[in-house]
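**Q** My questions all concern the structure below.
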Amino acid sequence: MSRQTPHTDHSAHCAPGSRHIDPHEYASVFGPRAGDRVRLGDSGLTVRVEYDAQKPGDEFLAGFGKTARDGLHLKGAAVRETCDVVISNVLVIDAVLGIKKVSIGIREGRIHAIGRAGNPDTLDGVDVVVGTGTSIVSGEGLIATAGAVDTHVHLLSPRIMEASLAAGVTTVIGQEFGPVWGVGVNSPWALRHAFNAFDAWPVNIGFLARGSSSDAAPLVEALAEGGASGFKVHEDMGAHTRALDTALRVAEEHDVQVALHSDGLNECLSVEDTLRVLEGRTIHAFHIEGCGGGHVPNVLKMAGVPNVIGSSTNPTLPFGRDAVAEHYGMIVSVHDLKPDLPGDAAMARDRIRAGTMGAEDVLHDLGAIGITSSDAQGMGRAGETIRRTFAMAAKMKGELGPLEGDGEGDDNARVLRYMAKLTINPAIAHGLAHEIGSIETGKLADIVLWRPQFFGAKPQLVLKSGFPAYGVTGDPNAATDTCEPLVLGPQFGSYGATAADISVAFVSAAAAALGSDEMPTRRRRVAVRGTRGIGPKDMLLNSRVGAVDVDARSGLVSLDGEPLRSEAAESVSLNRLYFL
């Protein structure tokens, strides 16, 4: 933390006998104040605190000899009149709320109040009433973000959840239910068991059904009887005109999202053909990126189209020196190609394009691609989306300089733009934003706490519905919980029936209304909504539209006629300093 303030003599305005606290000392005890700057890991990104809800001299603080005591800053009242849990004086970085130091009050798993914490009987201006029965998470010196939403996960292994939770992901929109060739789950029998299996994990879950079908019957069946929350149309199973149109027609009727992995062979449709088939209907286009899938070589043309919500996956984020070499083997593996066959080898190589990989980073920085995701075990890495997203932000800062809206000496606008890609925008795209995606009153208290020096790399504590679910734990036989070795692992919210009770199942409105016994999961069902008729204009801080062009020969990418270039990074932040 740093602060750009000159040294002043405080004796004139300090009360007699009181001691002035140095700004650095104050921040180490109570957290940063308005105007202070906080560094985010080794990324080179810095945020400036926009607002501090604390009143100097009346700070809320828990601990021996501190103010969080009965009769001082704790109200003697029943918990139902106060909060179940409060996170005190934490620096929130949120695409909706901004960058503010506040306390967060949680009641029955939801964010109940945000602002100044304390006892209204003894303090003025209290927003978050803390009672004598309220549990306190000391947030001083920590950063709070909304839990990340990963909308592109191939659930080939249940251990993916370990990596996701350990990275700060609290919501997964998945496909498959193990090492099977799925690209979507349609069978009500399979969905029933898949939902039940997730009762062991403190994550919100939704499943995409396979949308690659010329007939609507298996799609409607998956939504109404199985509880799927959307569709995945994938080139490996057919991304042709009839399949895409069928999925979109059913989606329009049932208000669910369609995720598209478009035709990389251009066998049935070119990128222009695909856009015509959409007829202005909303779609979430996966792999709007330089590698990984979709129309070769110009899938990036789908970025900036008013009815296309674009996302890209983390293997190419940020564009680095080894990206081209790394991806050949990955593509061969996940698409079951036979590299001994010349045609298969050529198909794999056609997907890998350095020019479009570099342009992908720039399109993200301009806000033309609004979502990042993992594509876990379908090429990407479940636990790396957050850190790769902010590593990309750091790379773009180094190449392009400050973003419009950044302040003098801070990167607030850029940090919030990239935060939106991980949280609120994927929630909006898949109809989840009424429950999750931001730190707002009324939403689930899915909150991730970070130490600033580990921001983006390793969370300190993951709260699921306000309950500790995953986080840093010490030696269980030690005298205190901070004794080494310190490891990221499950907390009490990961055990027993609690994991399901603090999580939700995102389903179609048809399934929620039906309430079929085919879904006996313990978790609460929440219907997705608001997925149709949206587009980049609805992506918070990432609403750039325009004409993206890709030169078929050179691979040069332009946006509205302006060339987009980014060099391959030799090294990236949030990487070797934190991971072996």
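First residue of the sequence shown: 3, per our numbering; consecutive thereafter.
We treat Cβ as the ideally placed atom computed from N, Cα and C, and that holds for glycine.
Of the choices A245, L566, V530 and G133, whose alpha-carbon is the least far from that of L225?
**A** Minimum Cα distance to L225 is reached at V530.
**Q** Just curious, the alpha helix (DSSP H) that N414 is in, first and last residue?
**A** That run of the alpha helix (DSSP H) goes N414 to L424.
**Q** By a C-beta neighbour count over all protein chains shown, 10 Å radius and 16 as the cutoff for buried, is V489 buried or exposed?
**A** V489 should be labelled exposed.
**Q** Roughly how many whole angstroms lie between the Cα atoms of I430 and T147?
**A** Taking the straight line joining both Cα atoms gives about 17 Å.
**Q** Tell me the rounded alpha-carbon separation between L446 and S90.
**A** Roughly 18 Å between the two C-alpha positions.
**Q** From the DSSP output, read off the bridge partner residues of Q177.
**A** Looking at the DSSP assignment, Q177 forms a beta bridge with H156.
**Q** Beta carbon of D96, beta carbon of L579: below 8 Å?
**A** Not in contact: D96 and L579 (Cβ atoms no closer than 8 Å).
**Q** Can you pull the DSSP bridge partners for I311?
**A** Beta-bridge pairing links I311 to H286.
**Q** What are the start and end residues of each continuous beta strand (DSSP E) run of 3 or more residues lying completely inside the stretch 166 to 221, in chain order?
**A** List check, beta strand (DSSP E) in window: 171 to 177 and 206 to 212.
**Q** Using only the alpha-carbon positions, how far apart do N309 and A150 sit?
**A** Each residue's alpha carbon lies about 24 Å from the other.
**Q** Would you say S375 and S335 are within 8 Å of each other, going by their C-beta atoms?
**A** No.
**Q** Return the first residue and the last residue of the alpha helix (DSSP H) that K397 is part of.
**A** Unbroken alpha helix (DSSP H) run through K397: T387 to L402.
**Q** Across which residues does DSSP place P470 in a beta bridge pair?
**A** According to DSSP, which records beta bridges pairwise, P470 is partnered with L465.
**Q** From S568 to G407, what distance separates their C-alpha atoms?
**A** Roughly 22 Å separates the two Cα atoms.
**Q** Which residues in the same chain as T10 place their Cβ atom closer than 7 Å to its Cβ, once the five residues preceding and following it in sequence are excluded?
**A** In this predicted model, T10 has a pLDDT of only 48, less than 50, meaning its place in the structure is not dependable enough to derive any value.
**Q** For S556, count neighbouring Cβ atoms within 10 angstroms of its own Cβ and tell me buried if that reaches 16, exposed if not.
**A** Classification of S556: exposed, given that the 10 Å Cβ count is below 16.
**Q** Strictly by DSSP, which residues pair up with L93?
**A** L93 pairs with K103 and I145.
**Q** Counting only the same chain and skipping the five closest in sequence on each side, list residues whose C-beta sits under 8 Å from that of T533.
**A** Counting only Cβ-Cβ distances below 8 Å, and skipping sequence neighbours, we find G232, A253, D257, V258, Q259, T284, A431, H432 and G433.
**Q** Is the stretch 178 to 196 touching the stretch 449 to 465 in the sense that three or more CB pairs, one from each, lie closer than 8 Å?
**A** Result no; under three Cβ-Cβ pairs closer than 8 Å.
**Q** Just to confirm my understanding: we take V81, look at its own chain, exclude 5 residues before and 5 after, and list those with CB closer than 7 Å. What are they?
**A** Within the same chain, V81 has close Cβ partners G133, G135 and T136.
**Q** Please report the distance separating the alpha-carbon of I373 from that of M541.
**A** Taking the straight line from one Cα to the other gives about 8 Å.
**Q** Does DSSP put E564 in a helix, a strand or coil?
**A** Three-state DSSP puts E564 in a strand.
**Q** Cβ atoms of D86 and I108: under 8 Å apart, would you say?
**A** Result yes, Cβ atoms of I108 and D86 sit closer than 8 Å.
**Q** Out of E328, I311 and A395, which has the shortest C-alpha to C-alpha gap to G535?
**A** Ranking the options by Cα distance to G535, first place goes to I311.
**Q** Can you name, in chain order, every residue of its own chain whose Cβ lies under 6 Å from the Cβ of G229, other than the five neighbours on each side?
**A** Excluding positions up to five away in sequence, the list reads L193, V509, A513 and M521.
**Q** Expressed to the nearest angstrom, what Euclidean distance is found between the alpha-carbon atoms of D483 and T475?
**A** Distance between the alpha carbons of D483 and T475: 7 Å.
**Q** Out of A36, A119, D448 and H114, point me to the one whose CA is closest to L74's CA.
**A** Checking every option, the nearest Cα to that of L74 belongs to A119.
**Q** For A507, report the span of its beta strand (DSSP E) as first-last.
**A** It spans V506 to V509 - the beta strand (DSSP E) in which A507 sits, taken as one unbroken run.
**Q** Could you pull out every residue in the same chain whose Cβ sits closer than 6 Å to the Cβ of A570, ignoring the five residues on either side in sequence?
**A** F321, G322 and R323.
**Q** Check whether the stretch 408 to 417 touches the stretch 37 to 54, taking contact to mean three or more Cβ pairs, one atom from each stretch, closer than 8 Å.
**A** Enough Cβ pairs lie closer than 8 Å, so yes.
**Q** One question on the structure: do G296 and V559 come within less than 8 Å of each other, judged by their Cβ atoms?
**A** No.
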